[in-house]
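Note that the numbering used here gives residue 251 to position 248 of the sequence shown, counting from 1, and the numbers run on in steps of one. We put the CB at the ideal spot given by N, CA and C, even for glycine. Values in this document were obtained by computation on a predicted structure and should not be read as measured data.
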Amino acid sequence: MDIKFSGSDANGFQFDQNAAPRPKKERKPRKSIGSKAGRIAVNALVTLLVGAVFFYLELPAINLHAEEFYGFALLLCITYCICSLLTSGFQGTGAKGYFTFVKKQCTVPFLVSALLIVTALIGALTSWVVLRAKDYQALLPIENGSFTEEIAEVSYDRIPMLDKDSAQKLGDRKLGELADMVSQFEVSADYTQINYHGRPVRVTPLRYGDIIKWFNNRSKGLPAYLVIDMVTQNVDVVRLEDGMKYTTAEHFSRNLYRHLRFAYPTFMFEEPVF
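This is the structure we're talking about:
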């Protein structure tokens, strides 16, 4: 670019409009990493690593009937596609060139993703209540009966008078009386209602106070659980000779959700109830 100095110009510079434009710097093509087989191996390894971490944390069921499985599979496809683009160098010129390159690198993940989406749509359509109303209606057979003859009367001394919130207060108060446990454990918020020996009760386990207390007590497990009578409001502490070591309060491999998923990777579980 030609620059002329002029005293009449306020800034002291004048630019020649007839000067030739600066030539554009040629963009160097990005090189791919290693051989094709090596790139595939790297892509697969990274995808497996991401999948293993996700599976360990989220615990999806490996089952076509499970909704979370499709999200897990799509995540693997997206991860492989991104790795393939990174290891291949994003080759191509212009938008059309990049689109062709992406299409070439992501053909297999795209086909797998499309197949999964089609499978999910077919499954949702075939199980739609509107199309299978008669099948759903026939799930529970209807039988005639007499309510007074089949349902026994409940005496007044067995009618539950305690709700969950009140049971939680009683449980916390009871734990405060246990000098050997109150500093290390807390009462879980489960408070499941069951019939125990013919009486309505709420049961709930203990849980570790925090990660440090879990580390100090994990070798022995959770030492007890509470039984709250919903009629008399008595709270019993049931101490265990062998502590509970597989619970929802555990971490890592002893966490109940993770223990069940690793033992039965294809099973679909409901929420566990104590």
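Beta-carbon gap between residue i and residue j smaller than 8 Å
i, j, result
"Val56", "Cys86", "no"
"Val206", "Tyr228", "yes"
"Asn46", "Tyr83", "yes"
"Ala64", "Phe72", "yes"
"Tyr211", "Asn198", "no"
"Leu67", "Thr129", "no"
"Val240", "Leu181", "yes"
"Leu225", "Gly246", "yes"
"Val238", "Lys177", "yes"
"Leu77", "Leu119", "yes"
Cβ neighbour criterion (16 or more within 10 Å) applied to residue i
i, result
"Glu91", "The question names Glu, but residue 91 in the sequence shown is Ser. Classification for Ser91: buried."
"Ile231", "buried"
"Ser11", "Confidence at Ser11 is low in this model, with a pLDDT of 49, below 50, so its placement is unreliable and the value that follows should be read with caution. By the neighbour-count rule (16 or more Cβ atoms within 10 Å), Ser11 is not buried but exposed."
"Ala117", "exposed"
"Thr250", "buried"
"Gly174", "buried"
"Arg242", "exposed"
"Glu244", "exposed"
"Met271", "exposed"
"Ile154", "exposed"
"Arg161", "exposed"
"Arg42", "buried"
"Ser38", "exposed"
Which residues DSSP lists as bridging residue i, in chain order
i, result
"Leu209", "Val190"
"Gln196", "Arg205"
"Arg242", "Ala227"
"Asn258", "Thr250"
"Asp232", "Val204"
Contact with chain C by residue i, beta-carbon distance below 8 Å
i, result
"Arg161", "Protein chains in the displayed structure number just one, and chain C is not present."
When the options are compared against residue i, the one with the closest alpha-carbon
i, options, result
"Glu273", "Glu180, Ala69 and Lys107", "Ala69"
"Trp217", "Pro275, Arg242 and Glu189", "Glu189"
"Thr269", "Pro208, Val238, Val105 and Leu62", "Leu62"
"Gln187", "Lys223, Arg161 and Gly201", "Lys223"
"Phe265", "Leu60, Ala44 and Gly41", "Leu60"
"Ile81", "Pro112, Leu52, Leu51 and Phe104", "Pro112"
"Val53", "Thr103, Phe75, Phe104 and Leu114", "Phe75"
(message) If contact is defined by three or more beta carbon pairs under 8 Å, each pair taking one atom from either stretch, is the region 192-200 in contact with the region 166-181?
(response) yes
(message) Quick check: the region 155-166 against the region 136-144, are at least 3 beta-carbon pairs closer than 8 Å?
(response) no
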